[in-house]
Amino acid sequence: MLEIQELRKNPEKVIDGLKKRHFDAKPIIDEILSTDELWRQKKTELESISAQMNQISKEIGILFKQGNTEEANKAKSKTVELKEKESELKSDVDTLEAKITQLMYQLPNVPNDMVRAGKSEEDNEIVEEGGPKREFSFSPLPHWDLASKYDLIDFELGVKITGAGFPIYKGKGAKLQRALIAYFLDKAEQAGYQEHIPPHMVNEASGYGTGQLPDKEGQMYHVTEDNLYLIPTAEVPLTNIYRDVILPSEDFSIKITGYTPCFRREAGSYGKDVRGLNRLHQFDKVEIVRIEHPNNTAKALDEMVDHVRGLLNDLGLEYRILRLCGGDTGFASAMTYDFEVFSAAQEKWLEVSSVSRFDTFQSNRLKLRFKNADKKTQLCHTLNGSALALPRIVAALLENYQTEDGILIPVALQKYTGFDRID
RNA sequence: GGUGAGAUGGGUGAGUGGCUGAAACCAGCAGUUUGCUAAACUGCCGUACGGGUAACCGUACCGGGGGUUCGAAUCCCCCUCUCACCGCCA
Numbered sequence: 568m569l570e571i572q573e574l575r576k577n578p579e580k581v582i583d584g585l586k587k588r589h590f591d592a593k594p595i596i597d598e599i600l601s602t603d604e605l606w607r608q609k610k611t612e613l614e615s616i617s618a619q620m621n622q623i624s625k626e627i628g629i630l631f632k633q634g635n636t637e638e639a640n641k642a643k644s645k646t647v648e649l650k651e652k653e654s655e656l657k658s659d660v661d662t663l664e665a666k667i668t669q670l671m672y673q674l675p676n677v678p679n680d681m682v683r684a685g686k687s688e689e690d691n692e693i694v695e696e697g698g699p700k701r702e703f704s705f706s707p708l709p710h711w712d713l714a715s716k717y718d719l720i721d722f723e724l725g726v727k728i729t730g731a732g733f734p735i736y737k738g739k740g741a742k743l744q745r746a747l748i749a750y751f752l753d754k755a756e757q758a759g760y761q762e763h764i765p766p767h768m769v770n771e772a773s774g775y776g777t778g779q780l781p782d783k784e785g786q787m788y789h790v791t792e793d794n795l796y797l798i799p800t801a802e803v804p805l806t807n808i809y810r811d812v813i814l815p816s817e818d819f820s821i822k823i824t825g826y827t828p829c830f831r832r833e834a835g836s837y838g839k840d841v842r843g844l845n846r847l848h849q850f851d852k853v854e855i856v857r858i859e860h861p862n863n864t865a866k867a868l869d870e871m872v873d874h875v876r877g878l879l880n881d882l883g884l885e886y887r888i889l890r891l892c893g894g895d896t897g898f899a900s901a902m903t904y905d906f907e908v909f910s911a912a913q914e915k916w917l918e919v920s921s922v923s924r925f926d927t928f929q930s931n932r933l934k935l936r937f938k939n940a941d942k943k944t945q946l947c948h949t950l951n952g953s954a955l956a957l958p959r960i961v962a963a964l965l966e967n968y969q970t971e972d973g974i975l976i977p978v979a980l981q982k983y984t985g986f987d988r989i990d
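Okay, here's the thing in structure tokens:
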């Protein structure tokens with residue numbers, strides 16, 4: 568959620584910024600500001616009435632104590648009218664507040680200056696390309712064929728046990744999965760991120776904290792009996808660790824990581840690009856999360872990009888880095904870099920990581936703050952990124968490292984897998 | 001699942017209708033004293049919103065929501081959560 572103080576101070580800047588998303592914020596912001604004006608007026612009025620009530624109540628207390636019942640009762644009668652006015656104003660104020668909140672929830676984050684205006688993924692900027700291109704002297708198989716050829720992943724069995732989008736990894740396929748998780752976690756730890764194993768279900772408050780609720784409710788699996796949600800990403804439990812926290816000084820930089828399975832309903836995305844590992848209801852991911860002083864956010868984002876690039880280079884995959892345009896940048900994000908690897912047999916770019924800075928958009932909802940040098944509380948900045956999401960990495964590894972009679976394992980991974988080829 | 005207890009400021013913990021935004025202690029911050037360390041002493045020490053250039057003033061908040069009352073941390077109702085014991089169980 569944006570900060571209303573910013574809207575009051577500089578609405579034009581927000582409106583201009585959101586134009587890069589092709590989002591017409593003017594009508595919403597106009598309504599917010601006029602509602603806010605009215606709210607403040609009513610609020611001031613209410614407070615002055617409350618102050619009068621408090622004063623009279625205090626006097627009544629003293630009168631009773633003195634045994635002056637007559638005067639006390641006289642004072643009581645004075646409160647009747649005030650009380651009525653008070654409850655009326657209270658309900659006005661509540662209504663206006665709810666309206667403002669509801670409008671504020673509709674505004675996406677303002678894109679960073681570096682973000683280009685644009686409507687869809689076609690306007691994204693490719694800021695970097697790297698990694699080795701794979702050429703084949705034979706006709707390469709897509710990963711789903713490789714998975715069954717070498718008995719690594721059983722999609723049909725997953726359908727039997729659970730449903731589509733819940734594959735079962737077997738043998739070396741399972742081992743590869745475990746190796747990647749361990750490898751990603753080790754690299755994150757080396758980069759200074761403290762490992763966490765969070766719960767895989769979260770409560771409603773956490774869902775609101777990171778912004779999955781109320782908008783993206785349909786994306787999460789909901790355990791209605793206990794009102795818990797299966798996490799769509801480790802971002803949710805990891806970031807919510809710092810919900811309602813005030814860090815004691817401005818000297819901080821929090822870096823945490825965690826592996827979790829991620830659960831996504833992917834409602835409405837059936838049919839396209841869902842073959843094999845491309846889109847699943849359950850998948851594994853290692854996430855990195857940072858909580859930073861606003862002055863350090865740009866640097867932190869660069870470090871995260873460097874980190875993810877390092878992983879892809881280590882794995883020897885062809886990749887490209889995109890800076891998303893306004894329209895393609897997620898609702899809560901101020902700037903996002905997507906990482907895509909080239910899946911050589913599908914001949915398709917697959918998104919394997921998304922690294923974003925949210926500035927105060929999340930921390931405003933989370934009430935995540937720090938004490939600045941003036942001893943005032945100030946919102947922290949949050950960032951997060953995948954490092955990395957497994958299934959598409961596995962898809963690319965299988966496809967890009969296939970030979971006619973087996974699949975090679977990148978050197979960086981071999982000490983984790985314990986084998987150097989699958990055949 | 002059953003029974004019981006509880007939820008107060010960073011922590012411990014007092015407080016059962018008014019002078020309590022909240023005692024006391026601990027932690028923390030600033031200072032005084034002191035050869036250093038330690039100790040002692042003094043002051044400060046919640047958050048949000050509104051008003052004000054500011055000092056400051058006002059309002060709200062004692063798990064959440066509603067009610068009684070001139071007045072609620074304190075009484076009543078509902079909900080959530082936590083702890084303990086029992087049952088079941090990895």
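So for the first sequence, this note's numbering puts the first residue at 568; every next one is plus one. Where a beta carbon is used, it is the ideal one built from N, C-alpha and C, also for glycine. All values reported here derive from a predicted model rather than from experimental measurement.
| Asked | Found |
| --- | --- |
| Cβ-based burial, M681 [other Cβ within 10 Å; buried from 16] | exposed |
| Run of the alpha helix (DSSP H) containing M620, from where it starts to where it stops | 593-632 |
| Q913: first and last residue of the uninterrupted beta strand (DSSP E) it sits in | No beta strand (DSSP E) holds Q913; DSSP gives it neither H nor E. |
| Contact between the region 819-831 and the region 716-729 (3+ Cβ pairs under 8 angstroms) | no |
| With 16 other Cβ atoms within 10 Å as the buried cut-off, status of G546 | Since the first residue shown for the chain is 568 and the last is 990, residue 546 is missing from the structure and cannot be characterised. |
| Closest by C-alpha distance to E870, when choosing among V790, R924, K652, I599 | R924 |
| Beta-bridge pairing of K852 - partner residues as DSSP gives them | T827, A956 |
| Beta-carbon proximity of D905 to L889, cut-off 8 angstroms | yes |
| Close beta carbons around A940, own chain, < 8 angstroms, minus the five adjacent residues each side | E817 |
| Counted within 10 angstroms of its Cβ, other Cβ atoms place I629 as buried (16 or more) or exposed | exposed |
| Cross-strand partners of K657 (DSSP beta bridge) | None, per the DSSP bridge assignment. |
| Enclosing beta strand (DSSP E) for T525 [first to last residue] | Because the chain spans 568 through 990 in this model, residue 525 falls outside it and cannot be assessed. |
| Inter-residue Cα distance where the pair is A899 and Q761 | 24 angstroms |
| Simplified DSSP state of L674, which is helix, strand or coil | coil |
| Neighbourhood of I728 by C-beta distance below 8 angstroms, restricted to the same chain and skipping five residues each side | I735 |
| Assumed close pair C892, G759 - CB separation to whole angstroms, cut-off 8 angstroms | That pair is no contact at about 31 angstroms. |
| Which of helix, strand or coil DSSP assigns to V571 | Rather than Val, the amino acid found at residue 571 in this sequence is Ile. Note: I571 maps to helix in three-state DSSP. |
| I542, enclosing alpha helix (DSSP H) - first and last residue | A question about residue 542 goes unanswered here, because the residues of the chain that appear run from 568 up to 990. |
| Best match in V581, F937, G584, L964 for proximity to L814 [C-alpha to C-alpha] | F937 |
| CA-to-CA distance, R831 to Q619, given in whole angstroms | 53 angstroms |
| Inter-stretch contact (C-beta, 8 angstroms, three-pair minimum) for the region 661-681 and the region 588-605 | yes |
| Limits of the alpha helix (DSSP H) - the one that G973 falls within | No alpha helix (DSSP H) contains G973, which is instead part of the beta strand (DSSP E) from 973-975. |
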